[in-house]
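Novice:
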């Protein structure tokens, strides 16, 4: 398979046929290189991770699930190093090409999975989302993507980052495929009844670039028409920045615990900014973590209060479309922090979120996100399907 | 040239004949890959440094000097990444073999230069010493090595790290060759008159492992016999740890200024501990730097007071012989900090220092160092030559 979009990890091809006559038969999928595929190294986006860890002998749960349902695996995709990154630039393997936004990043850390689906190389692809790693590339590449309710999807055989935030997600180009795959992954039929109330997260819309918020208005109107009852509210009364800061405390501190033994044993090669993030995580104090956990508790309560059964929330997935590739480090850090502000509620609270192709700004895609209460993943997929049918 | 000791950087061979009939004709030398050699990339021990910087069109001053004197260049040697390292393990190019201490590190950052000279692959080799990068590998590989008076040797064409501490040094296996090369590099004949007074740095000897200090006693006796008048004193009345801490403030803060633009532009791949060191340097406050500069001022005054003309100081070059290769990161950090304590006075004060093969501990070499007042480099070389003749 020629890899003109640089979506796949180097090495021997990975091709495993799905079970015949399954619900996903005929579909092809790729798996982010954090998911174990028996007999193939799990690279984790870093050459030393593969060198320093054994080749898995079993498939990860998610890969097994899709193969059992009939989808065929066609490759393992590039990820930001050990999933620590949000723009999708990997210093070792390069940047997967975002065919929807030439010269722009694909978003990360599920960069290759999003790039492959966007380019039509496969029908769906597995990603992971700890702090935005499915939602952000879905937004930047104009795809459907889901971050499921935390804890709902089995993460066995998936390289962890920050377990209290880690989730397994997936991408598709169209709502029908997205719904088919979601049915299998969630183990639940996609509802035909829709939510009754839509809340517009005014703080999140105000945080986005004005042009992005403006461009999303037609999609917002469609959602309003579809759902009927509409309200406006602040998602994070204490501030999305406070939530982001709490997530940026909990997640790197946990990531340090995840990678500490590897770092200590192997002193791996890493891009400077990845090493900096890991080291910063190692320096977070117990007291800071404690305050962040209290913010998390409050945020979870806020989401339960805001999102009773039948209510969904909508917000821009990202504050702007995909930035240019090769930005200097400080500029990229500023962009990253803004992106993480709009995505932090996911890892912090664990609610499910679906990003749908929302609009284009100067031809560049940007996602609209819908968020529901805990366990309402299938409802969000149903909304994505329904709103796509109204186009 | 087969490189069984992994001393040389990968790539096309670098062979440049020296000028015929020079004072060093017949000698071969290698240059640490921080020194420019016209037409060859300066790798700096990191694959992204070479990628991100132009191929030099002129030789560095030090390479030119040796070629002009008749020595022939036979290769460029592995260094710790951008000279940030003291044990000589490079995550990209591997660890040069220390033939004098199998299974042990060669010391760094001038690791390949020391390894090549120790193995007899060349007669002498250029290194750099900012915080110990010539003295430490000289100690670990059983070589003669010099850190000249700061500012004495032209550093044109040498990749800088922390300019207020950077020096160009060199190694040799025997005192005769060391003296020949030193004459050329220093541009000064090696004196025949020796110093009149030797001070034993009791704080430094006490800081070394007891077995190392004990093993160095016979060499200390030789020095005492050679020089005649002997005293004991404390090198750093405020503590060698205070000096080391000041150096570990000034040096990483300056290194950050040196590499900041490269990091910002290229986000290079680095071993975790190298990235951590650079990032730590970026976080040092103005106020900390200010206090460290005051300690430096006091330390320079101390050296002027302690080392009037005709007086030299001696101390163990390192607190122990070469540690094992592949130590876990935290153990390596502890070793590094102790090594830097005994070496910090060099970068902090700028006095010249020569390390001579001092003893072996369980068969592993360890260096004895002699330190003199500013500009007394040739006198120290003369002492090295004289003491070697007394064996």
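Residue numbers (our numbering), protein chains in the order written: chain A, 18 to 408; chain B, 18 to 408.
All residues carry an ideal CB built from backbone N, CA and C; glycine is no exception.
Computed from a prediction, not measured in an experiment: that's the story for all the values here.
#1: Which same chain residues end up closer than 8 Å to residue 74 (chain B) when comparing Cβ atoms and leaving out the 5 residues on each side of it in sequence?
#2: Please state whether DSSP places residue 167 (chain A) in a helix, a strand or coil.
#3: With a cut-off of 8 Å, do at least 3 Cβ pairs link the segment 320-339 of chain A to the segment 148-163 of chain A?
#4: At a cut of 8 Å, does the segment 128-138 of chain B reach the segment 37-53 of chain B through at least three beta carbon pairs?
#5: Mark residue 53 (chain B) as exposed unless 16 or more other C-beta atoms lie within 10 angstroms of its C-beta, in which case mark it buried.
#6: Looking at residue 169 (chain A): is its Cβ nearer than 8 Å to the Cβ of residue 394 (chain A)?
#7: Cα separation between residue 348 (chain B) and residue 234 (chain A)?
#8: How about residue 126 (chain A) and residue 89 (chain A): do their beta carbons lie closer than 8 Å?
#9: Are the beta-carbon atoms of residue 221 (chain B) and residue 260 (chain B) separated by less than 8 Å?
#10: Quick one: which chain A residues come within Cβ less than 7 Å of residue 280 (chain B)?
#11: On a CA-only basis, which of B:383, B:373 and B:387 is nearest residue 194 (chain B)? Give me that one, please.
#12: Where does residue 178 (chain A) sit, in a helix, a strand or coil, going by DSSP?
#13: Taking 8 Å as the cut-off, decide whether the C-beta atoms of residue 62 (chain B) and residue 106 (chain B) are in contact.
#14: Based on Cα-Cα distance, which residue from B:51, B:35 and B:104 lies nearest to residue 341 (chain B)?
#15: Starting from residue 330 (chain A), follow the beta strand (DSSP E) in both directions and report where the run begins and ends.
#16: With a cut-off of 8 Å, do at least 3 Cβ pairs link the segment 195-208 of chain B to the segment 27-44 of chain B?
#17: From residue 370 (chain B) to residue 403 (chain B), what distance separates their C-alpha atoms?
#18: For the beta strand (DSSP E) containing residue 247 (chain A), name the first residue and the last one.
#19: Kindly confirm or deny that the segment 244-252 of chain B and the segment 18-38 of chain B touch, where touching means at least three C-beta pairs closer than 8 Å.
#20: So, residue 160 (chain A) versus residue 121 (chain A), is the Cβ gap smaller than 8 Å?
#21: Quick check on the DSSP output: what are the complete beta strand (DSSP E) runs of length 3 or more inside the segment 287-359 of chain B, in order along the chain?
#22: In terms of residue numbering, what span does the beta strand (DSSP E) encompassing residue 146 (chain B) cover?
#23: Give the single residue among B:390, B:286 and B:353 whose Cα lies nearest to the Cα of residue 102 (chain B).
#24: Look at the alpha carbon of residue 245 (chain A) and the alpha carbon of residue 264 (chain A), and state the distance between them as a whole number of angstroms.
#25: Which runs of the beta strand (DSSP E), 3 residues or longer, sit entirely within the segment 22-70 of chain A?
#26: DSSP three-state label for residue 216 (chain A), please.
#27: Just to make sure I have the definition right: I need the residues of chain B whose C-beta is within less than 9 Å of the C-beta of residue 117 (chain A). Which are they?
#28: Does DSSP put residue 173 (chain A) in a helix, a strand or coil?
#29: How would you list, in chain order, the residues of chain B whose beta-carbon sits under 7 Å from the beta-carbon of residue 108 (chain A)?
#30: Bridge partners for residue 385 (chain B) per DSSP, in chain order?
#31: Taking C-beta to C-beta, are residue 215 (chain B) and residue 329 (chain B) nearer than 8 Å?
#32: Around the C-beta of residue 242 (chain A), are 16 or more other C-beta atoms found within 10 angstroms, so that it is buried, or is it exposed?
#33: What residue does the beta strand (DSSP E) around residue 189 (chain B) start on, and which one ends it?
#34: Would you mind telling me which residues of chain B sit closer than 7 Å to residue 293 (chain A), beta carbon to beta carbon, in chain order?
#35: Would you please state the rounded distance, in angstroms, between the beta carbons of residue 26 (chain A) and residue 110 (chain A)? I believe it to be under 8 Å.
Specialist: Let's see:
#1: 55 and 56
#2: coil
#3: yes
#4: yes
#5: buried
#6: yes
#7: 57 Å
#8: no
#9: no
#10: Neighbours of residue 280 (chain B) on chain A, chain order: 289 and 346.
#11: B:373
#12: coil
#13: no
#14: B:104
#15: 328-333
#16: Under the Cβ criterion (8 Å, minimum of three pairs), the segment 195-208 of chain B counts as touching the segment 27-44 of chain B.
#17: 16 Å
#18: 246-250
#19: no
#20: no
#21: 328-333
#22: 141-146
#23: B:353
#24: The straight-line gap from Cα to Cα measures roughly 33 Å.
#25: 45-49
#26: In the structure shown, residue 216 (chain A) sits in a strand (DSSP, three-state: E or B).
#27: Residues of chain B passing the Cβ test: none, with the nearest at roughly 24 Å.
#28: coil
#29: 284 and 286
#30: B:333 and B:373
#31: yes
#32: exposed
#33: Segment 184-189, the beta strand (DSSP E) holding residue 189 (chain B).
#34: 292 and 296
#35: Residue 110 (chain A) and residue 26 (chain A) do touch by the CB rule: their CB atoms are close to 7 Å apart, below 8 Å.
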